[in-house]
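Down below is the structure, laid out as structure tokens.
Chains as they are written, first to last, in our numbering: chain A, 1 to 274; chain B, 275 to 548; chain C, 549 to 822; chain D, 823 to 1096.
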């Protein structure tokens, strides 16, 4: 029993030397995630009404598979040292980010009967079903690097966001003040202006609302130039963050490196001696 | 009295070892700033007319609180060494950026009676009331890093801005020359073209004005490609700025760790002495 | 014969010390690529019907030239050491990226008769004819640097792309849920919402579909701010990638400059020996 | 005479220790450049017809001043060592970038009579008059840094541009193939599609043309994601370029630094000894 648990754990959480067979299980789960996202997307199309039954079967099958996967992961959690043994280890695992995402990927399906007849609740549940796309995060090591760099610079990234929001609030209020008389409908209130502000400052620019007075255009021009400058902040922050993280990794590698020896006399050589 | 002043000063300007109680005061002020911004925004909505009295009371309460905060900060300013003692210290504090922002956050409220009946002055005062959003700057250490890096690269950032403006002016004039005959209304004059220029070069692209002639489209295509390249300049500048600033911080930390000594006489040497 | 083959090889694949004559051949090929792209573009214009015969002749001439170039490159491939001698060397060359692009640049022309009368197939072939624009890649050393850096960061770039796609899928589904009732035509299904999602998250913002309800605008605002932050990831990744690649180049240069010797026995040591 | 020439040269080309008086001349020229740009812009406004005479006088006055400045710079050019003495020095100066910009800033004014009655030539001359905005480049040291970094990475920047153009050409042709039947007017030919391509790939997105078929939207979505990734290349290139340039400057500074001495015993200290 214990050896079976270990074997299943190794299949579900392969280390760096994953066997071909373990890689195939990974690939299968990735494909099932993508298929299940596609099923949710297709179900919403009026053209797919004829295929509704097939899609529902596929959806159910995938959710049952993910449920099995979740239960197996929970059962085998104590095999990983960091969670500890027994039910306490399982509870600790169940509270980890990835386990919560796994749970969120299956729960909405079982809550479907609750939505009976209520279209809004039904659609909200559909959204939560899509959370399963985040399950992909487990299968790509590079996410950990991205997340670590974002975490490293989180304070400055939040500060940039606050600056952008301040700019949006101030620019929108100014535009509201000068454009309200010219376009009382488009700039009916400051919240309506905030929609213009966010669409303009992020350079989306749908063109549903835009200033028409000279003063409004001058204010819009200056604030959009400022906002383009502000949006250069996260790029700069992340660039220096990636450099720092890579320097750290290299330093860690060098520390762990085995002693270097002269290939001629066999004596160990310090880096500074060369 | 002096010990009360010190206590209030410590609550208002907590150092790095802020107590839980001091953190709660900080959090309260942040919430009040956000609430007061929300109040100004909601007041502008025609749907909120029924709540107008309540919003006015909330606004008044918050401004009275901020006024008290401003006066307490002014009174306790001499506790901070850098401003110096007595009224000269208070005056010096009152001229600091944060104190001026605090003042700008409360003054518009007291000027409201002046706007009696004049809608434009009234709306302008409302804008200035929103300046209080900048009070948030005090509560986030990361702003200081962002500001220092922008300051470090200010000359190059201004130069990039001048380049962008030159491109906008030249591209807009060329578009005016070739599109004026085809769209005499949209490109009525160079200032009107400048609106097209700024909206296009920042890639907002509302779609209210765009070239329709072949020559105009070629000019627009080339200049928008150039402008996208130019907007890569601030991102690059800030990236190298953040790297430099972080190197400095690390160097300063390392210096503070091991004292430097003269190799001849063995006495410790300050960095400035060399 | 062998010396002729070497001469042609040198003309087609000049090393770092290219003669003026070899540079002229390069320039001729670049011009022909650009002309042939222009020919494909012009052929599609209804105004150019009168010139159709001339364009067809130009097209045929250029394709014959490229065919000759392809055959000569194939014949002289064994001159390059890395492919090896004889037909095995030629086969290995034929499977290289650049050789496949060269083949793709000429094949569509010879398949034209197959499209006889079928407008869609005809237009698809025209697209493939444009692949020849990629032949330019051979003539610019800097592409190799760009490609190497993208390759160096490919895992993180793919991870960023997956994050962007997750955001697009989740934001589009949420918008579909809240906007479907207000705009049943524009947000008819999740796939239709995905079009809104991709156009908004990349900040293109055509303005053909946009949310009109308050909830939809809040969701759109938050997700577009997140996506602008996500799009800062590739810029940051590539910035640190270029720095790393340049450091490597400099290190390789310095290594080649001064021989390293063992400090004990004085003998020179190769980097790989340590 | 020679001493007068030197004095004028010092006023026009102040070194690093510019006197207050020399700075005022600089500021005057910057103001005149901005005023003359404003004059050209205002002249194009139909509302300014009443002020036409005044604007023409201002324009003439400024051009006469710039002409005097150009002639004085030409006369005093031999004072700068790098151009050499006599007329050969003047000729060499006249061929420098800044001198050509100065010339281009005044020539269009004197060519105005040639445009007599021809509106198109008249407007083209007006564009060239705006070139004087580039005269600002002389007055900001930071431009030299931006230009040097762009020059340092010019090969890679050009390669990025070629990649973007390849993507635009291929995406536009594909969209033309799939959208031509659905929107024969908007996607009338490949050149018309190229307009869509450039507006979409740079994320301007006016909304005057956009795909409506499912295939077209898939192609557009994929290519716009790719293009956003490609536009991260210049930001990354410039970021690493600025870091490199700053490292160089620091290295140059350290090399030129004066010997450091121990403040206690006065003996010189090598950096490595500390």
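A virtual CB, placed ideally from N, CA and C, is assigned to each residue, including glycine.
query: Which residue's Cα is closest to the Cα of residue 177/A: 166/A, 167/A, 189/A, 168/A?
result: To locate residue 177/A, count along the first chain from 1; it is residue 177. For the residues 166/A, 167/A, 189/A, 168/A, the minimum Cα distance to residue 177/A belongs to 189/A.
- request: Can you have a look at residue 1080/D and say buried or exposed, based on whether 16 or more other CB atoms are within 10 angstroms of its CB?
  value: On the fourth chain, residue 1080/D is found 258 positions in, with the first residue counted as 1. With a pLDDT of only 48 at residue 1080/D, under 50, the local geometry of the prediction cannot be trusted, and the value read off the model is given with reservation. The residue is exposed, with fewer than 16 neighbouring Cβ atoms inside 10 Å.
query: Cα separation between residue 922/D and residue 781/C?
result: As a first step, residue 922/D is located in the fourth chain; it is residue number 100 there, counting from the start. As a first step, residue 781/C is located in the third chain; it is residue number 233 there, counting from the start. Computed Cα separation, rounded: 41 Å.
task: Please work out which residues of its chain come closer than 8 Å, Cβ to Cβ, to residue 511/B, disregarding the five sequence neighbours upstream and downstream, and give them in chain order.
output: Stepping through the second chain from its first residue, residue 511/B is reached at position 237. The residues are 427, 430, 431, 434.
task: For the alpha helix (DSSP H) holding residue 988/D, just list the boundary residues, first then last.
output: For the purposes of this step, residue 988/D is taken as residue 166 along the fourth chain, with counting starting at 1. Counting along the chain, the alpha helix (DSSP H) containing residue 988/D begins and ends at 976 to 1001.
- prompt: Is residue 927/D closer than 9 Å to residue 957/D when the C-beta atoms are compared?
  reply: Translated into the one-based positions of the fourth chain, residue 957/D becomes position 135. Translated into the one-based positions of the fourth chain, residue 927/D becomes position 105. In contact: residue 957/D and residue 927/D (Cβ atoms closer than 9 Å).
- prompt: When we look at the beta-carbon of residue 384/B and count the other beta-carbons within 10 Å, is it buried (16 or more) or exposed?
  reply: Taking the second chain and counting its residues from 1, one reaches residue 384/B at position 110. That one is exposed.
task: Measuring alpha carbon to alpha carbon, tell me which of 750/C, 753/C, 655/C, 720/C ends up nearest residue 40/A.
output: Your numbering for residue 40/A matches position 40 in the first chain. When only C-alpha atoms are compared, the closest one is 720/C.
query: Three or more beta-carbon pairs under 8 Å between the region 471 to 487 of chain B and the region 1024 to 1043 of chain D, yes or no?
result: yes
query: If residue 1035/D and residue 1004/D are in contact, beta carbons under 8 Å, what's the gap, nearest whole angstrom?
result: Looking up residue 1035/D in the fourth chain gives position 213. Looking up residue 1004/D in the fourth chain gives position 182. Right, their Cβ atoms sit about 5 Å apart.
- prompt: Which class does residue 287/B belong to by DSSP, given the choice of helix, strand or coil?
  reply: Residue mapping note: residue 287/B aligns to position 13 of the second chain, counting from 1. Coil at residue 287/B, not helix or strand.
message: Any beta carbon of chain C sitting closer than 9 Å to that of residue 1080/D?
response: Reading the fourth chain from its first residue, position 258 is the one you call residue 1080/D. Note that residue 1080/D scores a pLDDT of 48, beneath 50, so its modelled location is shaky; the value from the coordinates is reported in the next line. Answer no: the Cβ-Cβ gap between residue 1080/D and chain C never drops below 9 Å.
task: Along the alpha helix (DSSP H) that carries residue 330/B, what are the first and last residues, could you check?
output: Walking along the second chain from the start, residue 330/B turns up at place 56. Counting along the chain, the alpha helix (DSSP H) containing residue 330/B begins and ends at 326 to 350.
query: What separation, rounded to the nearest whole angstrom, lies between the Cα atoms of residue 790/C and residue 1062/D?
result: Taking the third chain and counting its residues from 1, one reaches residue 790/C at position 242. Taking the fourth chain and counting its residues from 1, one reaches residue 1062/D at position 240. Roughly 6 Å between the two C-alpha positions.
- prompt: With burial defined as no fewer than 16 other Cβ atoms inside 10 Å of the residue's Cβ, what is the status of residue 220/A: buried or exposed?
  reply: Within the first chain, numbered from 1, the residue matching residue 220/A stands at position 220. The residue in question, residue 220/A, is buried, as its Cβ has 16 or more Cβ neighbours within 10 Å.
message: Looking at the secondary structure, which residues open and close the alpha helix (DSSP H) in which residue 300/B lies?
response: On the second chain, residue 300/B is found 26 positions in, with the first residue counted as 1. Where residue 300/B is concerned, the enclosing alpha helix (DSSP H) stretches over 294 to 317.
- request: Please name the residues in the region 198 to 226 of chain A whose beta-carbon is closer than 9 Å to at least one beta-carbon of chain D, in chain order.
  value: 203, 204, 205, 206, 207
query: Closest Cβ-Cβ distance between residue 911/D and chain C: below 9 Å?
result: Numbered from 1 along the fourth chain, position 89 holds the residue referred to as residue 911/D. No - not a single Cβ of chain C is within 9 Å of the one on residue 911/D.
field: Secondary structure of residue 691/C, DSSP reduced to three states
entry: Here residue 691/C corresponds to residue number 143 of the third chain, with the count starting at 1. Three-state DSSP puts residue 691/C in a helix.
- prompt: Taking residue 228/A as the reference, which of 102/A, 167/A, 91/A has the closest Cα?
  reply: To locate residue 228/A, count along the first chain from 1; it is residue 228. Here the closest residue by C-alpha is 167/A.
Interface positions of the region 511 to 531 of chain B facing chain C (Cβ-Cβ less than 7 Å), listed along the chain: 513
- prompt: Who are the neighbours of residue 179/A on chain B, taking C-beta pairs under 7 Å?
  reply: Within the first chain, the letter at position 179 stands for residue 179/A. Within 7 Å Cβ-Cβ: nothing; residue 179/A doesn't reach chain B, min ~11 Å.
query: Which of helix, strand or coil does DSSP assign to residue 971/D?
result: For the purposes of this step, residue 971/D is identified with residue 149 of the fourth chain, where counting begins at 1. In this structure, residue 971/D counts as helix in the three-state DSSP scheme.
query: To the nearest angstrom, how far is it from the Cα of residue 29/A to the Cα of residue 133/A?
result: Indexing the first chain from 1 puts residue 29/A at position 29. Indexing the first chain from 1 puts residue 133/A at position 133. Rounded to the nearest angstrom, the two C-alpha atoms are 11 Å apart.
- request: Report the rounded CA-to-CA distance for residue 556/C versus residue 621/C, giving the unit in angstroms.
  value: Taking the first residue of the third chain as position 1, residue 556/C is located at position 8. Taking the first residue of the third chain as position 1, residue 621/C is located at position 73. Residue 556/C and residue 621/C: Cα-Cα distance of roughly 8 Å.
field: Reduced DSSP secondary structure (H/G/I, E/B, other) of residue 905/D
entry: Residue mapping note: residue 905/D aligns to position 83 of the fourth chain, counting from 1. Three-state DSSP puts residue 905/D in a helix.
field: Environment of residue 77/A [buried if 16+ CB atoms lie within 10 Å]
entry: Here residue 77/A refers to the residue found at position 77 of the first chain. By the neighbour-count rule (16 or more Cβ atoms within 10 Å), residue 77/A is buried.
message: Can you check whether the C-beta of residue 379/B is within less than 9 Å of a C-beta belonging to chain C?
response: Your numbering for residue 379/B matches position 105 in the second chain. Output row for residue 379/B: interface = no.
task: Would you tell me roughly how many angstroms separate the C-alpha atoms of residue 344/B and residue 297/B, rounded to the nearest one?
output: If you number the second chain from 1, residue 344/B lands on position 70. If you number the second chain from 1, residue 297/B lands on position 23. Their Cα atoms are separated by approximately 18 Å.
field: Whole-Å CB distance - residue 984/D paired with residue 678/C, under 8 Å assumed
entry: In the fourth chain, counting from the first residue as 1, residue 984/D sits at position 162. In the third chain, counting from the first residue as 1, residue 678/C sits at position 130. Wrong, their Cβ atoms sit about 14 Å apart, outside the cutoff.
message: Please report the straight-line C-alpha distance between residue 360/A and residue 246/A, rounded to a whole angstrom.
response: The structure shown does not extend to residue 360/A, since chain A is modelled only from 1 to 274, so the question has no answer here.
Residues of its chain near residue 818/C, where Cβ-Cβ distance is below 6 Å and the 5 sequence neighbours each way are ignored: Within the third chain, numbered from 1, the residue matching residue 818/C stands at position 270. Bear in mind that a pLDDT of 48 at residue 818/C, under 50, signals an unreliable position, so the number given afterwards is only what the model happens to contain. None.
query: Applying a beta-carbon distance threshold of less than 7 Å, which residues of chain D neighbour residue 502/B?
result: As a first step, residue 502/B must be located in the second chain, where it is residue number 228. Result: 1024, 1053.
message: Quick check on the burial criterion: 16 or more other C-beta atoms within 10 angstroms. Buried or exposed for residue 321/B?
response: On the second chain, residue 321/B is found 47 positions in, with the first residue counted as 1. Its Cβ having fewer than 16 others within 10 Å, residue 321/B is exposed.
query: Nearest to residue 773/C by CA position, among 676/C, 712/C, 799/C, is which residue?
result: Here residue 773/C corresponds to residue number 225 of the third chain, with the count starting at 1. Of the listed residues, the one whose Cα sits closest to residue 773/C is 712/C.
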